[in-house]
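Chains A and B are the protein sequences, given in the same order. Sequence positions in the first sequence follow this note's numbering and run 6 to 249. Sequence positions in the second sequence follow this note's numbering and run 6 to 249.
There are 2 protein chains.
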Amino acid sequence: MPKFKPVKQYRISEEIVEQLKQSILLGEFKAGDKLPSERELSEQFHVSRAAVREALRSLEISGFITTRQGATGGAFVTDLTFQNLSNAFLDLFLANKISIPEIYQVRVFFEPEVARLAAKNVTPEYAERLKQALEAESDPIKSLSEDVDKKTAVHFILAEMSGNHFYESLVKSLMGLTKKIVEEVNPDPHVMHPAGMHRPIVEAVLSGDPEKAAKAMEEHAIEFGKNLIKIEKAYREKKSFQMS
Amino acid sequence: MPKFKPVKQYRISEEIVEQLKQSILLGEFKAGDKLPSERELSEQFHVSRAAVREALRSLEISGFITTRQGATGGAFVTDLTFQNLSNAFLDLFLANKISIPEIYQVRVFFEPEVARLAAKNVTPEYAERLKQALEAESDPIKSLSEDVDKKTAVHFILAEMSGNHFYESLVKSLMGLTKKIVEEVNPDPHVMHPAGMHRPIVEAVLSGDPEKAAKAMEEHAIEFGKNLIKIEKAYREKKSFQMS
DNA sequence: AACTATTTGTTCGTATGTATG
DNA sequence: GCATACATACGAACAAATAGT
């Protein structure tokens with residue numbers, strides 16, 4: 006007896022998601038391209054617009070498209086970024102599946118490796134960017150969000166320098182997560198991120214000494230982690246206060 | 006001039022997603038609970054069913070709920086897992102944003118650390134599970150999928166033993182990604198995963214020597230990585246063949 | 001085995017909001 | 001100001017799945 010697959014196995018919206026995703030991954034639609042309008046898609050797939058819209062919501066959440074309203078609007082293909090990864094981590098954190106001490110443990114282990122790799126890939130361009138990022142840390146604080154961005158810029162550049170997109174994604178995800186928590190708790194920026202905090206790291210990396218860079222980063226990660234754990238405590242207390 | 010926020014900022018479905026997500030995260034709906042039916046939700050929110058359904062699609066993709074059809078069906082809250090993380094990595098891989106050699110580099114670095122931590126947390130229960138997983142590797146192969154599961158079981162247990170959910174998520178995600186690729190290429194299982202491949206690791210971990218465990222894992226990761234890179238090559242070739 | 005109730009899945013028609021030219 | 005081309009949203013209806021009677 007041959008095995009037959011059910012004719013209808015998936016939701017229509019899922020079928021549409023798969024087809025559109027494949028088209029995007031195969032490069033038939035490239036980043037920036039506009040997908041056909043909802044009406045056109047519903048005609049091409051011979052389905053209702055509601056089904057198309059459900060599919061577009063899924064693709065949006067997965068990070069494949071963004072939509073804009075209006076005459077020149079529509080669904081536009083986006084360059085897939087680490088953002089979804091970051092969101093997934095954030096959800097796991099919010100659901101208490103991952104704790105700050107655990108993240109701290111991971112960071113203390115792998116950020117020195119990132120610094121180590123970065124020290125092996127110093128170029129004049131990267132050196133310039135690192136110096137500028139370091140100087141920008143002393144800029145007057147306009148908003149907390151902007152300040153956090155400036156104080157994490159060095160980590161981003163080092164991650165890029167590591168030459169490994171995986172490390173880059175990981176760093177960006179963890180920085181994004183940290184930013185969310187910091188913004189929620191809103192601590193004193195000067196205590197959380199003293200200016201020039203990353204100077205020893207940058208100097209070690211620019212000296213081209215991988216082990217020195219790793220060591221400097223490790224010390225920074227340990228120090229910063231202590232602050233972060235304090236902040237998480239405040240965060241949890243704030244949350245439980247809001248709930249009661 | 007005071008700054009006013011636009012009254013209507015988000016899509017209705019987004020608003021619903023946020024509210025439901027908050028409810029779930031606050032524990033008002035727990036894993037296994039059934040959300041109100043689509044009709045009830047649309048009445049409670051005073052919106053159309055289509056809007057509710059778009060919200061449910063988003064929550065589904067994010068891993069918060071699953072839906073079943075029928076009289077006892079509905080949207081059920083799920084325990085948030087690493088699955089979304091895994092999917093995010095898979096998408097990034099499929100979109101050529103992360104390569105196998107990059108993943109390989111990261112694994113060779115952090116899997117030894119996982120083994121190191123595991124060696125510090127050996128209990129009789131874990132020891133038993135590791136031994137059983139090792140024996141199961143020699144079972145006759147029924148299906149590729151099942152075989153891959155058996156050959157990765159040791160990694161999963163070690164990740165659990167590390168006591169760090171972040172490492173656990175990372176390991177599970179990467180194993181899931183590896184499995185997808187392996188299944189796609191369908192190589193000879195005996196070549197890819199010789200039985201007993203993980204014996205030195207298990208022995209080192211059970212001896213309780215962290216550095217020995219890390220060393221054994223490193224050697225395994227390096228060896229396995231070579232296979233994986235070959236497999237990726239085959240995968241890419243297969244894909245480009247399918248496209249032409 | 002047939003019927004019924006409940007719930008998701010899907011469609012269509014219509015109306016409204018939004019941005020461009 | 002107005003037409004146009006989009007996304008956004010609603011409501012009513014029917015189809016399909018799934019359990020209980």
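Quick reminder that beta carbons are idealized off the backbone N, C-alpha and C, glycines included. Note that this is a predicted model, so its numbers are computed, not measured.
Below-8 Å beta-carbon distance, residue i vs any chain A residue
i: residue 174 of chain B; result: yes
i: residue 89 of chain B; result: yes
i: residue 111 of chain B; result: yes
i: residue 182 of chain B; result: no
i: residue 220 of chain B; result: no
i: residue 50 of chain B; result: no
i: residue 30 of chain B; result: yes
i: residue 70 of chain B; result: no
i: residue 125 of chain B; result: no
i: residue 73 of chain B; result: no
Outcome for residue i when other beta-carbon atoms lying within 10 angstroms are tallied against a minimum of 16
i: residue 110 of chain A; result: buried
i: residue 31 of chain B; result: exposed
i: residue 147 of chain A; result: exposed
i: residue 129 of chain B; result: exposed
i: residue 76 of chain B; result: exposed
i: residue 37 of chain A; result: exposed
i: residue 89 of chain B; result: buried
i: residue 172 of chain A; result: buried
i: residue 170 of chain A; result: buried
i: residue 133 of chain B; result: exposed
i: residue 195 of chain B; result: exposed
i: residue 117 of chain A; result: buried
i: residue 7 of chain A; result: Residue confidence is low: residue 7 of chain A scores 48 on pLDDT, short of 50, so the model does not pin down where it sits. No coordinate-derived value is stated.
i: residue 4 of chain B; result: Chain B is shown from 6 up to 249; residue 4 of chain B falls before or after that span and cannot be answered.
i: residue 228 of chain A; result: exposed
i: residue 112 of chain A; result: buried
Beta carbon proximity, residue i to chain B, threshold 8 Å
i: residue 18 of chain A; result: yes
i: residue 169 of chain A; result: yes
i: residue 77 of chain A; result: no
i: residue 204 of chain A; result: no
i: residue 228 of chain A; result: no
i: residue 130 of chain A; result: no
i: residue 6 of chain A; result: Confidence at residue 6 of chain A is low in this model, with a pLDDT of 43, below 50, so its placement is unreliable and no value can be given for it.
i: residue 42 of chain A; result: no
i: residue 58 of chain A; result: yes
i: residue 163 of chain A; result: no
i: residue 80 of chain A; result: no
i: residue 149 of chain A; result: no
i: residue 241 of chain A; result: no
i: residue 97 of chain A; result: yes
i: residue 120 of chain A; result: no
Assumed close pair residue i, residue j - CB separation to whole angstroms, cut-off 8 Å
i: residue 202 of chain B; j: residue 225 of chain B; result: 7 Å
i: residue 40 of chain A; j: residue 79 of chain A; result: 6 Å
i: residue 87 of chain A; j: residue 174 of chain A; result: 4 Å
i: residue 184 of chain A; j: residue 153 of chain A; result: 5 Å
i: residue 156 of chain A; j: residue 164 of chain A; result: Residue 156 of chain A to residue 164 of chain A, Cβ: 15 Å. No contact.
i: residue 254 of chain A; j: residue 21 of chain A; result: Because chain A in this structure spans residues 6 to 249, residue 254 of chain A falls outside the shown range and cannot be described.
i: residue 149 of chain A; j: residue 91 of chain A; result: With a Cβ gap of about 19 Å, residue 149 of chain A and residue 91 of chain A do not count as contacting.
i: residue 206 of chain A; j: residue 221 of chain A; result: 5 Å
i: residue 85 of chain B; j: residue 100 of chain A; result: 4 Å
i: residue 166 of chain A; j: residue 131 of chain A; result: 5 Å
i: residue 82 of chain B; j: residue 69 of chain B; result: 7 Å
i: residue 93 of chain A; j: residue 120 of chain B; result: The pair is not a contact, with the Cβ atoms about 25 Å apart (cut-off 8 Å).
The ligand ATP heavy atom lying under 7 Å from the CB of residue i
i: residue 103 of chain B; result: The ligand ATP is not among the ligands present in this structure, which contains no ligands whatsoever.
For this session: Check whether the segment 179 to 191 of chain A touches the segment 209 to 220 of chain A, counting contact only when three or more Cβ pairs, one atom from each stretch, lie closer than 8 Å.
Result: Short answer: they don't touch.
Exercise. Just checking, does the segment 139 to 147 of chain B make contact with the segment 51 to 69 of chain B on the three C-beta pairs under 8 Å criterion?
Worked result: The segment 139 to 147 of chain B vs the segment 51 to 69 of chain B: no contact.
Problem set entry | Segments of 4+ residues assigned as alpha helix (DSSP H) that fall wholly inside the segment 172 to 202 of chain B | Those alpha helix (DSSP H) runs which fall completely within the segment 172 to 202 of chain B and span 4+ residues are 194 to 197.
Exercise. Okay, do the segment 227 to 242 of chain A and the segment 24 to 39 of chain B touch, 3+ Cβ pairs below 8 Å being the bar?
Worked result: No: fewer than three Cβ pairs fall under 8 Å.
For this session: Check whether the segment 56 to 66 of chain B touches the segment 101 to 117 of chain B, taking contact to mean three or more Cβ pairs, one atom from each stretch, closer than 8 Å.
Result: No: the two stretches stay apart, fewer than three of their Cβ pairs being nearer than 8 Å.
Exercise. Mind pulling the beta strand (DSSP E) runs of 3 or more residues that sit fully within the segment 66 to 137 of chain A?
Worked result: As far as the segment 66 to 137 of chain A is concerned, its whole beta strand (DSSP E) runs of at least 3 residues are 70 to 73, 79 to 82.
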